[in-house]
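Going line by line, the protein sequences match chains X and P.
Using the numbering used here, the letters of the first sequence correspond one by one to residues 4 to 173.
Using the numbering used here, the letters of the second sequence correspond one by one to residues 26 to 613.
The beta-carbon is built from N, C-alpha and C at its ideal position, and this holds for glycine as well.
Just so you know, these numbers come straight off a predicted model, no measurement behind them.
The structure appears below as structure tokens.
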Amino acid sequence: MNTENIDQKILALMESNPHMTDAEIARSLGLDENAIRQRIDFLCDTREKILIVDEEIDASTALRLALESEGYNVIEALDGYEGIRKAKSENPDVILLDIMMPGMDGFEACQLLKADPALKHIPIIMLTAKGEVDDKVEGLELGADDYVTKPFNLKELKARIRMVLRRGAV
Amino acid sequence: MWGKKNRLSLVVFAVIVLLLVGSIFFLWMKANVEVRSIVEEQYQQQQLILTQYVSYSIGELLSERVLLLEVVAQKQQGVPDDQFMSEFETVYQVAEIYYVLEFIDANGTVVSGYPVEHVPQGYNLYSNNMSRAFEHVKNTGEVYVSEPVSTMEGVFGAYVWVPVFENGEFRGSILGIVSDENIISQFETSSDGRNYVYIVNDKGMILYDQSGTYEKGTSYFDYAENDDQQRLSILQAQMSGQMGNGKYWQETSEGDEYVLVSYSPVNWYNQRWSVGLTSLDDAVDDIILSVYVKLFTVAAVSVLFILFVSSQVYFILLNWNKSLETEVEKKTRELQQSNESLITANIKLKELDRLKNEFLSMVSHELKTPLTAMKTSSEFLLEEKCAPDVRKQLLALIVRNVDRQARLVDDLLDISRIESRRMKFNMENVSLHEALDHSLESIRRFSESKGVEIEVDMPASLPAVHADKDKLIQVFVNLLNNAVKFTPQGGKITVHAHRSGADVEISVRDTGIGIDPAYAERIFDKFYQIDNTSTRSAGGCGLGLAITKGLLEGMDSSIRVESESGAGSRFIFTLKAGAVSSIHSEVH
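Now the structure itself:
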């Protein structure tokens with residue numbers, strides 16, 4: 004079943020009966036209690052959510068660990084398709100998008116994200132080993148909000164993420 | 026293409042030749058006309074000289090013959106007894122021009138004459154009213170020639186009157202009738218029907234006409250047309266005693282033509298005659314006919330010569346043109362070929378440049394990716410915010426990426442050495458079993474962790490192979506590593522080797538995802554990955570097979586792949602069998 008529908012139903016039940024327990028909700032929806040708890044935890048998570056789209060597992064793992072320690076909720080995607088799928092389902096606050104990826108590359112993913120009315124508000128930071136000026140310009144013209152060249156300075160990246168998030172909040 | 030151009034040049038050439046031929050014929054005609062006019066002039070001069078000669082001779086002859094009569098008249102003082110009969114006979118025979126010689130006494134009566142049969146004895150001039158000329162000589166005492174007329178006998182002739190005096194007293198006159206036929210017979214003239222002589226006097230009367238066209242004693246004016254100005258002017262000149270040449274147009278039954286006339290005067294006492302000599306214009310043509318023929322021959326020979334030379338020149342030019350065109354075509358073809366090869370070379374160079382840029386881009390990406398992971402991890406560690414287990418995870422990540430970087434640098438160096446042919450191969454007899462054992466040792470951990478079985482199917486009697494041992498191990502490691510990477514858990518890898526003539530054929534077969542035949546050749550290219558996702562998930566940077574291929578080629582071998590998508594792959598290569606047979610045998 005669609006997770007968003009479940010979320011909507013959980014929220015509706017909790018609104019009608021604020022004292023309802025997890026088990027009661029699970030029962031009334033006919034679902035597993037653990038799944039319901041997971042969704043509730045997810046709904047309760049107020050941390051800012053960052054989606055890292057990068058094919059390199061090690062690079063994204065290191066970045067995820069670093070950003071999680073900063074208090075962000077980090078989710079990962081290995082290519083452009085997964086990135087767009089997760090952007091839709093997880094509704095992240097910011098997307099860190101690698102350019103060189105198999106299948107759909109970062110530029111294409113960026114274009115699709117910015118063309119989708121439901122997703123185009125999400126700020127995108129392009130993250131790539133390519134350092135050519137033309138690449139930067141292309142990324143920014145496609146609607147990316149910032150551009151960071153690999154290997155980046157962690158502090159700088161964190162500052163840029165904060166800046167982009169603040170800009171989005173305004 | 027050149028046919029049209031050639032036709033044009035042929036036409037131009039033909040026009041030039043025609044102009045040349047035309048000018049030769051024009052000059053020929055012009056020469057003919059000039060020669061003709063010169064010859065005609067010369068001919069008329071000659072004719073005039075002849076006419077002069079004839080007229081002079083006639084004048085001399087007549088004067089001479091009359092002189093004979095004068096001598097006869099004066100020798101005898103008075104009239105001899107025989108009435109001049111014996112004298113007449115002598116003169117008649119000597120002179121040959123007289124029709125008759127007569128003596129007329131002072132009374133005007135014919136008293137004697139010779140030849141007798143022509144003499145009208147007793148004929149009296151006074152009684153017959155024929156005394157005018159007789160009276161004239163009687164009064165003047167000089168020789169007189171009367172107008173030629175026809176005699177009673179029908180002889181046309183001039184009457185010569187020579188007076189006879191005795192002691193100043195007129196005794197009579199000797200009369201000699203000179204026949205024109207007799208005059209002309211003194212000259213050996215002949216007519217071929219084209220040239221003839223005629224004589225007119227100063228009144229235009231025709232005295233003699235050799236052609237027989239005109240009647241003697243008639244006026245020439247009766248025959249000339251009024252509008253025939255040329256002919257009339259000639260007659261006018263003759264009547265006034267001139268000498269010269271002329272010509273007039275005459276219509277004859279055989280066609281119209283010019284008649285050339287030369288005329289010269291004859292002065293005989295009181296008579297003024299003019300001898301005319303005519304000839305047809307054809308006579309001139311007859312003379313210069315041979316000249317015409319010769320000139321024509323020269324012209325014809327010239328034309329033939331020109332045609333011959335021009336045809337030779339034309340063919341030479343044609344051949345020259347042809348060879349020139351062939352040469353140009355050849356050069357054009359060569360230029361095109363070199364142009365094409367340049368274009369091909371340019372395309373190749375551009376492709377090489379693109380590949381180089383791609384290569385650099387790939388290398389930079391491959392180098393930066395582990396660096397990013399390491400740098401992020403290190404910086405995070407430096408912040409000292411992480412839990413002990415996270416720290417351990419990060420350090421492991423760093424080590425893994427350092428290894429990856431080191432591998433990548435090794436691979437890049439290998440590829441660089443292979444491509445620049447600086448890779449050194451230490452060729453020796455290598456035991457395949459030994460090399461494979463080393464390879465399996467280094468791959469074992471990876472294959473076991475993935476749960477993939479490796480089987481070796483190699484006969485113990487297999488000979489050693491001629492190869493570089495370390496490179497051969499590297500080849501095995503790369504191929505086995507690849508096989509393990511693309512074979513799912515529980516899969517099987519088989520290494521098989523058998524002798525094939527002087528070679529040993531080795532194959533590595535897996536039960537993995539296989540390769541689409543369309544990409545079978547490209548998998549040996551640098552950084553080529555059919556599916557990057559799987560490559561990435563398996564690790565590696567796309568240089569393994571390129572290095573394997575390069576290493577095998579360096580050992581005089583080659584590698585190929587047999588595969589189908591989803592049905593596993595089989596990499597096959599052959600190596601030359603070495604001298605020493607291997608005794609090592611071990612089955613894994």
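For X/Pro126, not one C-beta of chain P is nearer than 7 Å to its own C-beta. Taking the Cα positions, P/Ala39 is about 51 Å away from P/Gly269. In this structure, the alpha-carbon of P/Glu408 lies about 13 Å from that of X/Lys161.
Shown here, P/Leu200 sits in a strand according to DSSP, grouped into three states. In this structure the region 321-330 of chain P touches the region 43-52 of chain P; the number of beta carbon pairs closer than 8 Å is three or more.
Contact of P/Thr397 with chain X is assigned, a C-beta pair being separated by under 7 Å. Listed in chain order, the non-local C-beta contacts of P/Glu444 below 8 Å within the same chain comprise Gly575, local neighbours out to five positions each way being set aside. Per DSSP, the beta bridge partners of P/Ala492 are P/Glu453. At a cut-off of 7 Å between beta carbons, X/Pro120 makes no contact with chain P. Between X/Arg42 and X/Ile9, the C-beta spacing is below 7 Å. Chain X places a beta carbon closer than 7 Å to that of P/Glu404, counting this residue as a contact. In the three-state reduction of the DSSP assignment, P/Pro173 falls in the strand class. Neighbours of P/Arg425 in chain X, taken as residues at a C-beta separation under 7 Å, are given in chain order as Asp61. Residue-level contact by beta carbon holds for X/Lys153 and chain P, with a gap shorter than 7 Å. Per DSSP, the unbroken beta strand (DSSP E) holding P/Ile518 starts and ends at Lys517 to Ser525.
Excluding its 5 nearest sequence neighbours in each direction, P/Leu332 has C-beta neighbours in its own chain below 7 Å: Val42, listed in chain order. Using a Cβ-Cβ cut-off of 7 Å, P/Leu385 does not count as an interface residue toward chain X, since no Cβ of chain X sits closer than that to its own. Secondary structure remark: continuous beta strand (DSSP E) runs of at least 3 residues inside the region 62-101 of chain X, in chain order: 76-80 and 97-101. P/Leu600 is bridged by DSSP to P/Val529. P/Asp252 sits exposed, since fewer than 16 C-beta atoms from the chains shown fall within 10 Å of its C-beta. If you compare the alpha carbons of P/His491, P/Val520, P/Pro484 and P/Tyr81 with that of P/Phe501, the shortest gap goes to P/Val520. Any Cβ of chain P closer than 7 Å to the Cβ of X/Ser92 would place that residue at the interface, and such an atom is absent. Interface with chain X (7 Å Cβ-Cβ cutoff): P/Val415 is included.
As the crow flies, the alpha-carbon of P/Ile199 is around 6 Å from that of P/Trp186. Apart from sequence neighbours up to five positions away, the residues of its chain that approach P/Asp493 with a beta-carbon distance below 7 Å are Phe450, Asn451, Met452 and Met580, ordered along the chain.
Within the DSSP secondary-structure output, P/Gln275 pairs in a beta bridge with P/Glu282. Excluding sequence positions up to five before and after X/Leu157, its CB lies within less than 7 Å of the CB of Ala69, all in the same chain and listed in chain order.
With contacts defined as CB atoms closer than 7 Å, P/Gln72 and P/Ser299 fail to qualify as a contacting pair.
Of all residues in the region 61-76 of chain X, those with a C-beta nearer than 8 Å to a C-beta of chain P are Asp61, Ala62, Thr64, Ala65, Leu66, Leu68, Ala69 and Ser72, reading in chain order.
Shown here is that no member of the region 505-529 of chain P has a Cβ falling below 8 Å from a Cβ of chain X.
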